[in-house]
Amino acid sequence: MESNMARNVLIIAQSFPPLNNIAARRFGFLTPYMESHGWRPWVLTTEAEGTLPLCVSDTQIIRLGRHPQATSSGNGKQREDSTRISDSARRGLAPPIDWFRRAVAALGLRLRAVDYTCLTWSRLVLRQLAELERQLPPIDLVMGTFGPAASLWLARRLASRWGVPWIADFRDLAALRPDDRHRVSRWLDGRIERHLLRTASGITSVSPTWAKILEETYQLPTKVIYNGWDRALVAPDVAQPPPAVREQPKQPSATVDVQPGQPRAAILQNDFAARPDACLAEAVSPANAASAPYLYYAGRWYPERVRAASVVLAAMVGRPDLHWLIRSLGPTSAEMGIAVEAKALGVADRIHFRPPCDARRVALEARHSLANLVLDDPDCRDRWSRGTLTGKFLELVAAKRPVLAVTRPDSDMAPILGTTRKGEVCSDDAAIGRFLDRISRDPAVFRGDGRAIESFSKAAQAALLSRFLARFVARPSILAETRTLRRVA
Numbered sequence: 307m308e309s310n311m312a313r314n315v316l317i318i319a320q321s322f323p324p325l326n327n328i329a330a331r332r333f334g335f336l337t338p339y340m341e342s343h344g345w346r347p348w349v350l351t352t353e354a355e356g357t358l359p360l361c362v363s364d365t366q367i368i369r370l371g372r373h374p375q376a377t378s379s380g381n382g383k384q385r386e387d388s389t390r391i392s393d394s395a396r397r398g399l400a401p402p403i404d405w406f407r408r409a410v411a412a413l414g415l416r417l418r419a420v421d422y423t424c425l426t427w428s429r430l431v432l433r434q435l436a437e438l439e440r441q442l443p444p445i446d447l448v449m450g451t452f453g454p455a456a457s458l459w460l461a462r463r464l465a466s467r468w469g470v471p472w473i474a475d476f477r478d479l480a481a482l483r484p485d486d487r488h489r490v491s492r493w494l495d496g497r498i499e500r501h502l503l504r505t506a507s508g509i510t511s512v513s514p515t516w517a518k519i520l521e522e523t524y525q526l527p528t529k530v531i532y533n534g535w536d537r538a539l540v541a542p543d544v545a546q547p548p549p550a551v552r553e554q555p556k557q558p559s560a561t562v563d564v565q566p567g568q569p570r571a572a573i574l575q576n577d578f579a580a581r582p583d584a585c586l587a588e589a590v591s592p593a594n595a596a597s598a599p600y601l602y603y604a605g606r607w608y609p610e611r612v613r614a615a616s617v618v619l620a621a622m623v624g625r626p627d628l629h630w631l632i633r634s635l636g637p638t639s640a641e642m643g644i645a646v647e648a649k650a651l652g653v654a655d656r657i658h659f660r661p662p663c664d665a666r667r668v669a670l671e672a673r674h675s676l677a678n679l680v681l682d683d684p685d686c687r688d689r690w691s692r693g694t695l696t697g698k699f700l701e702l703v704a705a706k707r708p709v710l711a712v713t714r715p716d717s718d719m720a721p722i723l724g725t726t727r728k729g730e731v732c733s734d735d736a737a738i739g740r741f742l743d744r745i746s747r748d749p750a751v752f753r754g755d756g757r758a759i760e761s762f763s764k765a766a767q768a769a770l771l772s773r774f775l776a777r778f779v780a781r782p783s784i785l786a787e788t789r790t791l792r793r794v795a
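Counting in the working numbering, the sequence shown runs from 307 upward without gaps.
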């Protein structure tokens, strides 16, 4: 399609390359493919450092403000503080907004449909609205991606200002996510989110289950746009962030008993030298033909992943030759909890924690494993967790080795692994055993279906997204005529 016939879409994403996180990967690698389908992407984002390649022209990216993770000091405390409203930001709030903020905090309400970015990044963008509009062409559609909440509120505000439709993208459930919040928090959050989406034209999300929940609740056209995979991600040519600036979970994923007299700080600090388990030496290469067969996991620990790890440990009990190599992003409390359980099961000598490393080494270790692990909650008691597709899941589907997804049996991962013939979902140790037996009998059993795998690529997902967006705007020729009439008027 000729460039002068392309429609302009503004994508509001607080995280964008070069920042290296899952949020940045979603649109950072979708946008380069959109122009070939009639959409020229423009991105409103933040200043940040990172290692991901930038695949969109710098002239199409407007960066306002700093990303909360943007720090070159590697100071974990600095990152933690950046998620809170600073004193200077508080002083700049209008009295009604500050009163509301104080009331919400005093009542202990936890809201997801509005968060601190609505008082920080959103206000910064709106103060520079004239500069933003100076850098943008006429926009035909606005898309905001949650989280944070400010991305959606800004999309709503700008779409209304320009008289164009807007789409809400949910990488995670916001108000609809069931958790341990008080029912008043969830009720209020739901009312706020319903008001937010009242003017939206459509919704996109990352999994069929979440898309169905959103569509049933808000009665809006909804489309699944998977996070997908890209060759730049499957065969990375860049390094990961150093350990000092790695992202930590908001709460410990597991706890262990602290011995009398032992400082708790010594347990929780991310110091690999202080770990009780013996790590494999860095000099030992997994490519060594004499190395033992191993499962591979690289990532951080959340409570649901720790529960899935227990299933893997149980499966290792009857397989004395099987090892588990873990490139862990912490927290140390979770690692020590796993180590304690492994010791109780008699498999501690085959669990190997290693510190974070560059992406090339991760790819090498993953390539020589028996299987790449994807861990999520095996519990089936709530509906929403069925739709959890971890950010790197489809990148692993496109990689060489099979995928062993330890999660609930009805997970949205199951049909994807079935279609691509690239692995299986296993929910208990017996199922893991059968999976490993299949690989033992036929190492090529999960070689994969290339055409099916390609359908989950970033390029394929960008085509789906472009067709979905086209439902809400006029044809390019009509848009051009409308713009001409506006200029004449």
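All C-beta atoms in this analysis are idealised placements derived from N, C-alpha and C, irrespective of residue type, glycine included. Given the structure is predicted, the values throughout are model-derived calculations rather than measurements.
Helix, strand or coil for residue i? Go by DSSP, reduced to three states.
i	result
M796	Since the displayed the chain opens at 307 and closes at 795, residue 796 lies outside it and no answer follows.
W516	helix
E355	coil
T505	helix
T726	helix
D603	Looking at the sequence provided, one finds Tyr at residue 603 rather than Asp. DSSP places Y603 in strand when its eight states are reduced to three.
C732	strand
A711	strand
I473	strand
R467	helix
H674	coil
P347	strand
T510	strand
K529	strand
G371	strand
F659	strand
L679	strand
R613	helix
S801	Because residue 801 is not part of the residues shown, which for the chain are 307 to 795, the question remains open.
How big is the Cα-Cα spacing for residue i and residue j?
i	j	result
R773	L479	23 Å
T505	R313	21 Å
E271	L539	In the structure displayed, the chain extends from 307 to 795; residue 271 sits before or after that span and is not available.
F752	D446	44 Å
V362	A736	46 Å
W516	R467	29 Å
R727	R433	51 Å
L442	R332	22 Å
P527	L770	14 Å
T638	E437	45 Å
L676	C686	27 Å
R714	D683	6 Å
V703	G729	8 Å
V680	P721	15 Å
R804	R369	In the structure as shown, the chain begins at 307 and stops at 795. Residue 804 is therefore absent and cannot be evaluated.
R346	A645	50 Å
Short of 8 Å in beta carbon distance, which residues of its chain neighbour residue i, apart from the five on each side in sequence? Order them along the chain.
i	result
P514	V530, G693, D718
Take residue i and list the residues in its own chain whose beta-carbon comes closer than 7 Å to its own, dropping the five residues that flank it on each side.
i	result
S507	P471, W472, I473, F778
S616	E647
V767	Note on residue identity: the sequence assigns Gln, not Val, to residue 767. Cβ neighbours of Q767 beyond the five flanking positions: L336, I531, Y532, G534.
A598	D627, H629
Could one say the Cβ of residue i lies closer than 8 Å to chain D's Cβ atoms, at least one of them?
i	result
P443	You won't find chain D in this structure, because it holds only one protein chain.
Return the chain-ordered list of same chain residues with a C-beta closer than 6 Å to the C-beta of residue i, the five sequence neighbours on each side being excluded.
i	result
L415	S491
T725	A758
Is it the case that the CB of residue i approaches a heavy atom of the ligand NAP more closely than 7 Å?
i	result
G450	As presented, the structure is devoid of all ligands, the ligand NAP included, so that no description of it is given.
Contact the segment 352-371 vs the segment 491-502: 3+ CB pairs below 8 Å: no
The segment 639-653 contacting the segment 614-628, beta-carbon criterion three pairs below 8 Å: yes
Complete alpha helix (DSSP H) runs within the segment 414-458 (minimum length 4 residues, chain order): 427-433, 435-441
Stretch-stretch touch, CB-based, cutoff 8 Å, three pairs: the segment 445-454 with the segment 475-491: yes
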